[in-house]
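Asker:
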Amino acid sequence: MVYLQRIILTTIILKRLKVHLTTFNAKYIHTSLALRWLYVVNKGRFDLSFSEYTVKESVSVIADNIISEGYDVVGISVSIWNVAQNRELASTLKKQNPNIIIIAGGPEVSYESKFFVDNWEIDYVVSGEGEFVFGQLLDALQNGKKVDLESVSSKSCIRNSPAKADINELIKYPSPYQLESDNSERRNRIAYFETSRGCPYSCQYCLSSLEKGVRYFPHEYITDNLKYLIDSDVKQVKFLDRTFNLNKKHTSGVFDFLIENHRPNLSCQFEIYADLLNDETIEYLNSNVPRDYFRFEIGIQSTHEPTNIAVQRRQDFPVLSANIEKIMKGDVIDLHLDLIAGLPFETFERFRKSFNDVFRLRAKEVQLGFLKLLRGTNLRRDANKYGYLYDGEAPYEIISSNDISANELDRIRDAEDALEKFWNSGRFVNTMNFLFDEVYFARYFEFFDEMGQYYKGNNLPRMGYQLEDLFRFLNQFLESKGIDASATLRDDYYSNYKIRPTGYWTKDICKTERKKLLYAIAQDNDFLRKHNLTRKIIEKQTAINPLKSEGYLLTIFLENKKVSLVYN
0 MVYLQRIILT TIILKRLKVH LTTFNAKYIH TSLALRWLYV VNKGRFDLSF
50 SEYTVKESVS VIADNIISEG YDVVGISVSI WNVAQNRELA STLKKQNPNI
100 IIIAGGPEVS YESKFFVDNW EIDYVVSGEG EFVFGQLLDA LQNGKKVDLE
150 SVSSKSCIRN SPAKADINEL IKYPSPYQLE SDNSERRNRI AYFETSRGCP
200 YSCQYCLSSL EKGVRYFPHE YITDNLKYLI DSDVKQVKFL DRTFNLNKKH
250 TSGVFDFLIE NHRPNLSCQF EIYADLLNDE TIEYLNSNVP RDYFRFEIGI
300 QSTHEPTNIA VQRRQDFPVL SANIEKIMKG DVIDLHLDLI AGLPFETFER
350 FRKSFNDVFR LRAKEVQLGF LKLLRGTNLR RDANKYGYLY DGEAPYEIIS
400 SNDISANELD RIRDAEDALE KFWNSGRFVN TMNFLFDEVY FARYFEFFDE
450 MGQYYKGNNL PRMGYQLEDL FRFLNQFLES KGIDASATLR DDYYSNYKIR
500 PTGYWTKDIC KTERKKLLYA IAQDNDFLRK HNLTRKIIEK QTAINPLKSE
550 GYLLTIFLEN KKVSLVYN
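Below you can see the structure in the form of structure tokens.
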């Protein structure tokens, strides 16, 4: 009898755990490289699967699906954008099955594991790079061993040493970039790729500052996997390296490979430290990178030196801006420049200057973010020093500080909304260039600030609007300032369409009169012959607007181009 009990006990202990990994991405097009690494490293030893959802999906439905599959262990990857969803998921799973083991990992939980163990319905927290630690934890659970691991916390033991995975061991496993399960949707989603881990800098607001040292994947491993992605139908590869161009030899090797293996309809995005670029590299990129292939994200954050010193961000803005200007002259690489509002010692007026310093470069996108006091960062630890009040719930955005008030931050948020609509959208290129060359030269923030306050004062919709509404609102704002930009607005409006739009942003001609005018022009055989047009093209593919002088402007939407003609 005792022997039989031992056999049963051993069978229970050696039962292969059924484990599921999951997370919530911000959007469907995003993918989790972390889940894929955990999967490929551990799938051979456990009954392991993974799934991804978006933050907008029903947590209760997802929990029901997980419970119905009878998993023993569920691992959740927690980031700043999915904290609420993961907390609800853990709680719901535990309510439905108190015996299910829940393991939390990811950047959000890695540096304050005690908080999550104490406040969430979870059993363990894995801190740091969990590929191997996660497997060790599962092995202990599967074999009934005591969990005593350096980077694993539980209610009985808190460990604060984030794990670092050995890259030379990682590369021995199947590639997370070549999963067969990704093939069907690869073209519809972003492929995240890392050529290194770690960050050399110590920016006090960033979790990457807590990862000391930079470790590189072997060049052959990088190129083999990039070749696989390039040969697939993926449209965008986003490199996760915190400072992609830190090591010149490494950077050049990847750039060379991508340029040599370029294919149409593929773009690659990198986080670049522009101070580190030199003229030789810039000249090489400008001369060899195909247009629309590379996109550089450059974090400037502030041009105020006391601010940069306070957050330990090393930056030489004159060098940085000169390098950006050189890249922009090449006109082949898209630039995305980042600013952060709310950093230490940056008042509203000083932030205005940082914005104007950066916007002067006229990058394709200027990203205006707001300081978030992330768990584990030194700036969060020093919040009282700078008088920071911040939201206690993720994403922990600041409310006010010694240097900037809540009202001033709200005003910057209004300006940020205008920046997204009228600059970063790329829909108003001609009008924006006219305004910033002729009317708001060197006063770029002032335009977005005034536009933001106009929106607020007139209670204009921030969401649920049509494209023509944006043009109408902007025109009304400019008219209130005595600025006539109707011609450039018209050109911008039509540039947003491949076929003739059904509406227009002003009522310069009513629909009935427009139809009559186009019909009359379509009968003018001399005009048609002169411009090689047909009646159908005029009536079906042509937009008409009255000119301030005599006549009309015809905008003709042909198959691959637009043609503008004046008709008197």
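Going by numbering that gives the first Met the number 0, the first residue of the sequence shown is number 0, and it counts up by one from there. Just so it is clear, CB atoms sit at the ideal spot from N, CA and C, and this is done for glycine as well.
(1) What are the boundary residues of the alpha helix (DSSP H) that includes His-335?
(2) Report all residues from its chain with a CB closer than 7 angstroms to the CB of Ser-548; omit the five preceding and five following residues, and keep chain order.
(3) From the DSSP output, in three-state form, read off Ile-7 for me.
(4) Compute the distance between the beta-carbons of Ser-150 and Ala-139, then report whether it is under 8 angstroms.
(5) In terms of residues, what are the limits of the alpha helix (DSSP H) holding Phe-238?
(6) Tell me which residues share the same chain as Val-72 and place their Cβ nearer than 6 angstroms to its Cβ, disregarding the 5 neighbours each side in the sequence.
(7) Here's a check: name, in chain order, each residue in its chain whose Cβ is nearer than 6 angstroms to the Cβ of Phe-472, leaving out the five neighbours to either side.
(8) Span of the alpha helix (DSSP H) holding Thr-452?
(9) Let me check one thing: in DSSP terms, what residues is Gly-368 bridge-paired to?
(10) Residue ranges of each alpha helix (DSSP H) run of no fewer than 4 residues wholly in the region 101-144, ordered along the chain?
(11) Do Leu-373 and Tyr-387 have their C-beta atoms closer together than 8 angstroms?
(12) Sort out for me which residues DSSP pairs Phe-216 with in a bridge.
(13) Going by C-alpha to C-alpha distance, which of Leu-527, Phe-470 and Asp-165 sits closest to Gly-127?
(14) Might you give, ordered along the chain, the residues of its own chain that have their beta carbon closer than 7 angstroms to the beta carbon of His-530, omitting 5 neighbours on each side?
(15) Look at the Cβ atom of Gln-235, then the Cβ atom of Ser-266, and state whether they are nearer than 8 angstroms.
(16) Here's the rule I'm using: 16 or more other beta-carbon atoms within 10 Å means buried, otherwise exposed. How should Ser-353 be labelled?
(17) Take the Cβ of Ser-109 as the centre, count every other Cβ of all protein chains shown within 10 Å, and call the residue buried at 16 or more, exposed below.
(18) Using a Cβ distance threshold of 8 angstroms, determine whether the region 401-408 contacts the region 433-451, with at least three qualifying pairs required.
(19) Using three-state DSSP, classify Ile-79 as helix, strand or coil.
(20) Considering only residues of the region 278-356, which uninterrupted alpha helix (DSSP H) runs meet the minimum length of 4 residues and lie entirely inside it, listed in chain order?
(21) Which residues in the same chain as Asp-569 place their Cβ atom closer than 6 angstroms to its Cβ, once the five residues preceding and following it in sequence are excluded?
(22) Just how far apart, CA to CA, sit Ser-251 and Cys-205?
(23) Kindly indicate which residue of Asn-24, Phe-115, Lys-363 and Asn-64 has the alpha-carbon position closest to the one of Glu-392.
(24) Rounded to whole angstroms, what is the Cα-Cα separation between Thr-22 and Glu-407?
(25) Are the beta-carbon atoms of Ala-62 and Gln-84 separated by less than 8 angstroms?
(26) Nearest CA to the CA of Ile-271: which residue from Thr-30, Tyr-200 and Leu-557?
(27) With DSSP as the reference, label Gln-569 as helix, strand or coil.
(28) Quick one: what does DSSP say Thr-511 is sitting in, helix, strand or coil?
(29) Can you give me the start and stop residues for the beta strand (DSSP E) that Ala-542 sits inside?
(30) So, with DSSP's three-state summary, where would you put Val-253?
(31) Determine the direct distance from the alpha carbon of Asn-24 to that of Thr-91, and round the result to whole angstroms.
(32) Determine the DSSP secondary structure at Arg-185, reduced to helix, strand or coil.
(33) Please work out which residues of its chain come closer than 8 angstroms, Cβ to Cβ, to Val-1, disregarding the five sequence neighbours upstream and downstream, and give them in chain order.
(34) Taking contact to mean 3 or more Cβ pairs, one atom from each stretch, closer than 8 angstroms, check whether the region 355-369 and the region 441-451 are in contact.
(35) So, with DSSP's three-state summary, where would you put Tyr-27?
(36) Does the separation of the CB atoms of Glu-51 and Ser-31 fall below 8 angstroms?
Answerer: In short:
(1) Taking the first residue of the sequence shown as position 1, residue 335 is located at position 336. Counting along the chain, no alpha helix (DSSP H) covers His-335; the unbroken beta strand (DSSP E) around it starts and ends at 333-340.
(2) Walking along the sequence shown from the start, residue 548 turns up at place 549. Beyond the five residues adjoining it in sequence on each side, Ser-548 comes within less than 7 angstroms, by CB distance, of no other residue in the same chain.
(3) Start at 1 with the first residue of the sequence shown, and residue 7 comes out as number 8. Confidence is the limiting factor: at Ile-7 the pLDDT is only 38, short of 50, which leaves the residue's position unreliable, though a coordinate-based value still follows. Helix at Ile-7.
(4) Working through the sequence shown from its first residue, we reach residue 150 at position 151. Working through the sequence shown from its first residue, we reach residue 139 at position 140. Contact flag unset, no.
(5) Residue 238 sits at position 239 when you count from the first residue of the sequence shown. Not the alpha helix (DSSP H): Phe-238 falls in the beta strand (DSSP E), residues 235-238.
(6) Translated into the one-based positions of the sequence shown, residue 72 becomes position 73. Hits under 6 angstroms: Leu-16, Val-18 and Ile-100.
(7) Along the sequence shown, one-based indexing puts residue 472 at 473. Cβ neighbours of Phe-472 beyond the five flanking positions: Leu-459.
(8) Here the question's residue 452 lines up with position 453 in the sequence shown. In the sequence on display, residue 452 carries Gln and not Thr. Its alpha helix (DSSP H) spans residues 443-456.
(9) Residue mapping note: residue 368 aligns to position 369 of the sequence shown, counting from 1. Its beta-bridge partners are Ile-339.
(10) The DSSP assignment places 112-118 and 130-141 as complete runs of the alpha helix (DSSP H) inside the region 101-144, in order along the chain (cut-off: 4 residues).
(11) Indexing the sequence shown from 1 puts residue 373 at position 374. Indexing the sequence shown from 1 puts residue 387 at position 388. The Cβ atoms of Leu-373 and Tyr-387 do not sit closer than 8 angstroms to each other.
(12) In the sequence shown, the residue the question calls residue 216 occupies position 217. Bridge partners of Phe-216: none, in fact.
(13) Locating residue 127 in the sequence shown gives position 128, where the first residue counts as 1. Asp-165 is the residue among Leu-527, Phe-470 and Asp-165 whose C-alpha sits nearest the C-alpha of Gly-127.
(14) For this step, residue 530 is matched to residue 531 along the sequence shown. In the same chain as His-530, and ignoring 5 residues on each side of it, the C-beta atoms closer than 7 angstroms to its own belong to Leu-564, in chain order.
(15) Your numbering for residue 235 matches position 236 in the sequence shown. Your numbering for residue 266 matches position 267 in the sequence shown. Yes; because the gap between Cβ atoms is below 8 angstroms, this pair is in contact.
(16) Translated into positions along the sequence shown, residue 353 becomes position 354. Result: buried.
(17) Reading the sequence shown from its first residue, position 110 is the one you call residue 109. Its Cβ being crowded by 16 or more others within 10 Å, Ser-109 is buried.
(18) In short, these stretches do not touch, since the Cβ pair count stays below three.
(19) Looking up residue 79 in the sequence shown gives position 80. Correct three-state label for Ile-79: coil.
(20) Qualifying alpha helix (DSSP H) stretches, in chain order: 278-287, 304-309 and 316-329.
(21) The chain is shown only over 0 to 567; residue 569 falls outside these bounds and no answer can be derived.
(22) Locating residue 251 in the sequence shown gives position 252, counting from the first residue. Locating residue 205 in the sequence shown gives position 206, counting from the first residue. The alpha-carbon separation between Ser-251 and Cys-205 amounts to approximately 26 angstroms.
(23) The sequence position of residue 392 within the sequence shown is 393, counting from 1. Of the listed residues, the one whose Cα sits closest to Glu-392 is Phe-115.
(24) Position 23 of the sequence shown, counting from 1, holds the residue named residue 22. Position 408 of the sequence shown, counting from 1, holds the residue named residue 407. Cα to Cα, Thr-22 sits roughly 35 angstroms from Glu-407.
(25) Along the sequence shown, one-based indexing puts residue 62 at 63. Along the sequence shown, one-based indexing puts residue 84 at 85. Cβ distance not < 8 angstroms, so Ala-62 and Gln-84 don't count as in contact.
(26) The residue labelled residue 271 in the question sits at position 272 within the sequence shown. Ranking the options by Cα distance to Ile-271, first place goes to Tyr-200.
(27) This structure does not reach residue 569, given that the chain is present from 0 up to 567, and the question cannot be answered.
(28) Here residue 511 corresponds to residue number 512 of the sequence shown, with the count starting at 1. Assignment of Thr-511 by DSSP, reduced to helix, strand and coil, places it in the helix class.
(29) For this step, residue 542 is matched to residue 543 along the sequence shown. Per DSSP, Ala-542 is one residue of the beta strand (DSSP E) stretching across 541-545.
(30) Counting from one through the sequence shown, the residue named residue 253 turns up at place 254. Of the three classes helix, strand and coil, the one that applies to Val-253 here is helix, per DSSP.
(31) Sequence index remark: in the sequence shown, residue 91 carries index 92 (1-based). Sequence index remark: in the sequence shown, residue 24 carries index 25 (1-based). Cα-Cα distance, rounded: 19 angstroms.
(32) Against the sequence shown, residue 185 aligns to sequence position 186. In the structure shown, the three-state DSSP call for Arg-185 is helix.
(33) The residue labelled residue 1 in the question sits at position 2 within the sequence shown. For Val-1, the predicted model reports a pLDDT of 39, less than 50, meaning its position is unreliable; a value from the coordinates is still stated below. Nothing listed; no residue qualifies.
(34) Yes: the two stretches touch, three or more of their Cβ pairs being nearer than 8 angstroms.
(35) Indexing the sequence shown from 1 puts residue 27 at position 28. When DSSP states are grouped into helix, strand and coil, Tyr-27 belongs to the coil group.
(36) Translated into the one-based positions of the sequence shown, residue 51 becomes position 52. Translated into the one-based positions of the sequence shown, residue 31 becomes position 32. Yes, these two residues count as a Cβ contact at 8 angstroms.
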